[in-house]
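Here's the structure, in structure tokens; my notes come after.
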Amino acid sequence: MVRVDFPGVNMVTKRLADGTRRVYYYHRASGIRLPDDPRSPEFAQAYAKLNAVPAARSDEPGAGTFAALITKYKASPDFLQLADETRKAYTRHLATIADGDRGRGGDFSGWGALAVQGLQRENVLELRDAFAKTPRTANYIIQVLRLLLNFAVDRGWRKDNPAQRPKKLKTGDGHRPWEESEIDAFRKRWGTTTRERVAFELLLNTGQRAGDVAAMMRQHYRSGTISVTQQKTNERLWIPAAQELVAVLDPWLETHKLMAILPSRFHKPMTSNGFVHFMSDAIREAGLPEDVTTHGLRYTAATMLHEVGMEWEVIASVTGHQTVAMVRKYTAKKRNAQLAIASLDAARTAKGKGRKGRPKNAK
Numbered sequence: 001m002v003r004v005d006f007p008g009v010n011m012v013t014k015r016l017a018d019g020t021r022r023v024y025y026y027h028r029a030s031g032i033r034l035p036d037d038p039r040s041p042e043f044a045q046a047y048a049k050l051n052a053v054p055a056a057r058s059d060e061p062g063a064g065t066f067a068a069l070i071t072k073y074k075a076s077p078d079f080l081q082l083a084d085e086t087r088k089a090y091t092r093h094l095a096t097i098a099d100g101d102r103g104r105g106g107d108f109s110g111w112g113a114l115a116v117q118g119l120q121r122e123n124v125l126e127l128r129d130a131f132a133k134t135p136r137t138a139n140y141i142i143q144v145l146r147l148l149l150n151f152a153v154d155r156g157w158r159k160d161n162p163a164q165r166p167k168k169l170k171t172g173d174g175h176r177p178w179e180e181s182e183i184d185a186f187r188k189r190w191g192t193t194t195r196e197r198v199a200f201e202l203l204l205n206t207g208q209r210a211g212d213v214a215a216m217m218r219q220h221y222r223s224g225t226i227s228v229t230q231q232k233t234n235e236r237l238w239i240p241a242a243q244e245l246v247a248v249l250d251p252w253l254e255t256h257k258l259m260a261i262l263p264s265r266f267h268k269p270m271t272s273n274g275f276v277h278f279m280s281d282a283i284r285e286a287g288l289p290e291d292v293t294t295h296g297l298r299y300t301a302a303t304m305l306h307e308v309g310m311e312w313e314v315i316a317s318v319t320g321h322q323t324v325a326m327v328r329k330y331t332a333k334k335r336n337a338q339l340a341i342a343s344l345d346a347a348r349t350a351k352g353k354g355r356k357g358r359p360k361n362a363k
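Structure representation (structure tokens):
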């Protein structure tokens, strides 16, 4: 056996069938086998050639594939400058696009090894339909795919985006504002000294997303004002604390000295997902309907602000334009329903008065 002084070369000794031993030499970075004689010119040439260009790793995505595109996108400012929660959600759906997912209502095996250039519009719709049992997930995956392919077009990977404006699957009415009776029921179940009640009042009286409320620290509440930087928009807001909020928040903060306003049972700030699960459990324990959600309190806040006479533009500065658009639609439907019932009641009353004014034997 000849020892070699070539850095990055592994020697592997194998016993042959006749009992003798034989040494094989492998280039460590690439795993490629080198000539048997390390003293030969062939060995030196092969070694020099392998070291001249960095060896391709077996786990690197192939050029032009979706796996390569996703890797490039996730390393770009387009992705890195997104809010933390958005990056987490996109990462989850990018993994679905690359690796597939058979556990959420579809039979999708993933596009990681497929060429980006070969994608057609029908493939986009097939991906959407693979998750038809969970339409919100289906629509979100297509949204992420559209952004990914926009990135591909901008970088010259392809000339068009077949995921541009596909028809979305119907998802129902989605989140809705809470009714007054539901607000009363939650407050009745959770007293003013409970963490559930403090979380509820923060959501209701600030109109912020669950993740933003979960991340609130003591320094975000000063001089009767809640200051928050929204994770999704990176917009800084200053929201005066309503009396209903102050009444539960001030006593609550006296019960602990932790920095997080709503610490977990492990005395640490709650994660966004952990906070949503915590609130969902509290909502169910209060006996509220299945369509009552934590995010619905954001719409409730916008509805209440509108009902006290605030302009839509002012409400949007607190809760966001998409929330306001949904609440405007909701309040219009509610107002139309109220007008319809009022008209029906008026018609029935008028009809009843007409009958009272007629003789019993009138025809």
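Residues in the sequence shown are numbered from 1 upward in steps of one, following UniProt numbering.
Glycine included, each C-beta is placed from N, C-alpha and C at the ideal position.
| Asked | Found |
| --- | --- |
| Closest Cα partner of Thr271 within the set Leu245, Ala210, Leu202 and Gly287 | Ala210 |
| Residues near Asn139 by beta carbon distance below 8 angstroms, same chain, minus five either side | Arg128, Lys168, Leu169 and Thr171 |
| Residues bridged to Thr86 [DSSP beta-bridge criterion] | Answer is none; Thr86 lacks a bridge partner. |
| As assigned by DSSP and simplified to three states, the class of Trp312 | helix |
| contact_flag[the stretch 304 to 312, the stretch 208 to 222] where n(CB pairs < 8 angstroms) is 3 or more | no |
| According to DSSP, residues forming a beta bridge with Leu237 | Val228 |
| His27 burial status per 10 Å Cβ neighbour count (16 or more: buried) | buried |
| Rounded straight-line distance, which links the Cα of Ala132 to that of Phe108 | 12 angstroms |
| For Asn150 and Phe79, the rounded distance between their alpha carbons | 12 angstroms |
| Residue(s) in a DSSP beta bridge with Asn10 | Tyr26 |
| Proximity to Ser223 [Cα-Cα], best of Arg236, Met216 and Ala241 | Ala241 |
| Sub-8 angstroms separation of Ala98 and Ile70 beta-carbons | yes |
| Pair within 8 angstroms by beta-carbon distance, Pro61 and Gly100 | no |
| Limits of the unbroken alpha helix (DSSP H) element including Ser272 | Ser272 to Glu285 |
| Whole-Å CB distance - Leu237 paired with Val228, under 8 angstroms assumed | 5 angstroms |
| Helix, strand or coil at Arg176 according to DSSP, with G and I counted as helix | coil |
| Residue 365 vs Thr225 beta-carbon contact at 8 angstroms | Since the first residue shown for the chain is 1 and the last is 363, residue 365 is missing from the structure and cannot be characterised. |
| Extent of the continuous alpha helix (DSSP H) run through Lys74 | Phe66 to Lys74 |
| Classification of Pro41 by the beta-carbon crowding that lies within 10 angstroms, buried from 16 upward | exposed |
| Opening and closing residue of the alpha helix (DSSP H) in which Ile142 lies | Pro135 to Asp154 |
| Strand pairing of Arg21, partner residues [DSSP] | Arg15 |
| Own chain, CB closer than 8 angstroms to Gln117, minus 5 neighbours either side, in chain order | Gly64, Trp157 and Arg158 |
| Boundaries (first-last residue) of the alpha helix (DSSP H) holding Met304 | Gly296 to Glu307 |
| Separation of Gln120 from Phe200, as counted between CA atoms | 46 angstroms |
| Within 8 angstroms, strictly: CB atoms of Arg197 and Arg187 | yes |
| Per DSSP, cross-strand counterpart(s) of Phe108 | Asp101 |
| Residue(s) in a DSSP beta bridge with Pro263 | Pro269 |
| Limits of the alpha helix (DSSP H) - the one that Asn205 falls within | Arg195 to Thr206 |
| Sub-8 angstroms separation of Leu34 and Ala52 beta-carbons | no |
| Candidates Ser181, Leu145 and Glu180: closest to Arg165 by CA position | Leu145 |
| Whole-angstrom distance between Ala68 and Ala152, CA atom to CA atom | 11 angstroms |
| Cβ shell of Ile239 (< 6 angstroms), same chain only, five flanking positions each side left out | Thr206 and Ile226 |
| Same chain, Cβ closer than 6 angstroms to Trp190, neighbours up to 5 away in sequence not counted | Glu196 and Arg197 |
| Euclidean distance between Cα positions of Glu85 and Ile283 | 23 angstroms |
| Nonlocal neighbours in the same chain, by C-beta distance under 6 angstroms from Val276, ignoring five residues either side | Ala210 and Thr294 |
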